[in-house]
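Engineer: Quick one: structure below, then a few questions.
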Amino acid sequence: MNAVLAGRTAAVTGGGRGIGAAIAAALAGAGATVAVIDQDAEGAKRTADGLGGVAVAADLTDAEQAERAVQDVVDALGAPDVFVNNAGILRAGDLTTSPVDDWDAQFAVNTRAAYLSVRAASRHMRERAAGGSIVVVTSNCADTPRMDLGAYCASKAATDMMARCLALELAGEGIRVNTLCPGSCDTELQREQWRRLGIGPERQIAGDPAKFRTGIPMGRLTTPEDVADLAVVLASDATRFVTGQSWHVDGGQTLS
Ligand SMILES: NC(=O)c1ccc[n+]([C@@H]2O[C@H](COP(=O)([O-])OP(=O)(O)OC[C@H]3O[C@@H](n4cnc5c(N)ncnc54)[C@H](O)[C@@H]3O)[C@@H](O)[C@H]2O)c1
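Numbering (this note's numbering), first residue to last: 10 to 265.
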């Protein structure tokens, strides 16, 4: 990809592995200097070291740690031009029998940590008064009901709406906020879901009428790079007049 982010700074939460690590690499590949925030200190360091970036360890569900993590990024790189909220967890299970803890844990990371992270980042971006781009990774099931993923869907739907409201609040200051909604991607998060449900990638691609899943029309899983490439576009000036929108990267998985 061209150096469309040359001279820019970016931060990626949950960049220690999976989709976040791919996004960090793609942003760096497009010329940005990248900070990686993750509760997994080693993962954050591994990704950041590979990109000549900055690593910050924090549990982003904690308000103080989230504030501190973003402050550390600002101290190292200045207020970021690009902030990608990507950290997330999934605990598959149905709504009636899953432990309440699973609901709380998914809302703590997918919704609360997302709010705390973009809240802190947008304040610094506002103070700097030079615009910017916030990308919030949700999921293609933020707007499509899924069996066995009720709490996850709800946590991502809430975050999607939070991001759209934030887009409205920040539009006048040239700070854009868009959501990136991946489909099933072969990462540790997804593999844990497959283990819990006793299925695998083939079932995901083919679909499962018993679970009202349509499969993936384009015939393969999403790759982290599919998501990362769109993150670069949303971070760049190519989308300078685009805000408050949801972008699905799922090979048609949620077309019907
Ligand atoms: N993999 C998929 O199929 C898929 C599909 C749709 C959406 N997503 C979303 O994409 C994002 C990335 O998912 P992934 O598949 O790469 O997951 P992953 O489990 O591979 O990576 C998630 C990263 O987030 C970090 N993290 C988790 N909780 C954190 C916390 N409290 N504070 C700081 N860091 C934390 C983890 O340490 C990890 O490095 C998530 O928001 C996920 O919901 C994934």
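Virtual Cβ for every residue (Gly too), placed ideally from N, Cα, C.
Between the region 168–184 and the region 106–115, are three or more C-beta pairs nearer than 8 Å?
Structural biologist: no
Engineer: For the candidate residues A122, V242, A101, whose alpha-carbon lies nearest to that of A67?
Structural biologist: A122
Engineer: In this structure, how does DSSP classify T42 when only helix, strand and coil are distinguished?
Structural biologist: strand
Engineer: Select from V43, A53, Q262 the residue whose C-alpha is nearest the C-alpha of G87.
Structural biologist: V43
Engineer: Within 10 angstroms of the Cβ of R249, are there 16 or more other Cβ atoms? Answer buried if so, exposed if not.
Structural biologist: exposed
Engineer: Confirm, please, whether the CB-CB distance from A244 to A19 is below 8 Å.
Structural biologist: yes
Engineer: Short of 8 Å in beta carbon distance, which residues of its chain neighbour N187, apart from the five on each side in sequence? Order them along the chain.
Structural biologist: Around N187: S142, I143, V144, V145, A172, A176, L243, T248, V251, T252, G253, Q254, S255, W256.
Engineer: Determine the direct distance from the alpha carbon of P218 to that of G59, and round the result to whole angstroms.
Structural biologist: 43 Å
Engineer: For a test of your reading of the model: does the CB of V63 fall under 7 Å from any non-hydrogen atom of ligand 1? Yes or no.
Structural biologist: No heavy atom of ligand 1 is found nearer than 7 Å to the CB of V63.
Engineer: Cβ of G38 within 8 Å of Cβ of G16?
Structural biologist: Their beta carbons are not under 8 Å apart, which means G38 does not touch G16 by this criterion.
Engineer: Give the range of the alpha helix (DSSP H) segment to which S131 is assigned.
Structural biologist: 123–137
Engineer: Please look up how many angstroms separate the CB atoms of V79 and A130, rounded, as I've assumed it's under 8 Å.
Structural biologist: 5 Å
Engineer: Rank R222, C162, V65, A35 by C-alpha distance to the C-alpha of I98 and give the top, closest one.
Structural biologist: C162
Engineer: Compare the beta carbon distance of S126 and A75 with 8 Å and say whether it is the shorter of the two.
Structural biologist: The answer is yes: Cβ separation under 8 Å.
Engineer: Name the two residues that bound the continuous alpha helix (DSSP H) containing P210.
Structural biologist: Unbroken alpha helix (DSSP H) run through P210: 210–215.
Engineer: Relative to the alpha-carbon of M156, which residue among G140, T120, L198, Q213 has its alpha-carbon at the smallest distance?
Structural biologist: In terms of CA proximity to M156, Q213 leads the group G140, T120, L198, Q213.
Engineer: Provide the residue span of the beta strand (DSSP E) that contains G141, from first to last.
Structural biologist: Boundaries of the beta strand (DSSP E) harbouring G141: 141–146, taken from the DSSP string.
Engineer: What is the rounded straight-line gap between the Cα of T263 and the Cα of P191?
Structural biologist: 10 Å
Engineer: If we count the other Cβ atoms within 10 Å of its Cβ and call it buried at 16 or more, is A215 buried or exposed?
Structural biologist: An exposed status is given to A215, since fewer than 16 other beta-carbon atoms sit within 10 Å of its beta-carbon.
Engineer: For the beta strand (DSSP E) holding P60, just list the boundary residues, first then last.
Structural biologist: Looking at the sequence shown, residue 60 is not Pro but Leu. No beta strand (DSSP E) holds L60; the alpha helix (DSSP H) holding it covers 50–60.
Engineer: Using the rule of at least 16 other Cβ atoms within 10 Å of the residue's Cβ for burial, across every protein chain shown, is A35 buried or exposed?
Structural biologist: buried
Engineer: For T70, tell me which candidate among I46, L230, W203, A53 has the shortest Cα-Cα distance.
Structural biologist: I46
Engineer: Which residues in the same chain as R77 place their Cβ atom closer than 8 Å to its Cβ, once the five residues preceding and following it in sequence are excluded?
Structural biologist: Result list for R77: A67, in chain order.
Engineer: If we call anything under 8 Å between Cβ atoms a contact, is D110 one with G159?
Structural biologist: no
Engineer: Beta carbon of C194: closer than 7 Å to some heavy atom of ligand 1?
Structural biologist: Distances between the C-beta of C194 and the heavy atoms of ligand 1 include at least one below 7 Å.
Engineer: Please determine whether the Cβ atom of R26 lies at a distance below 7 Å from any heavy atom of ligand 1.
Structural biologist: yes
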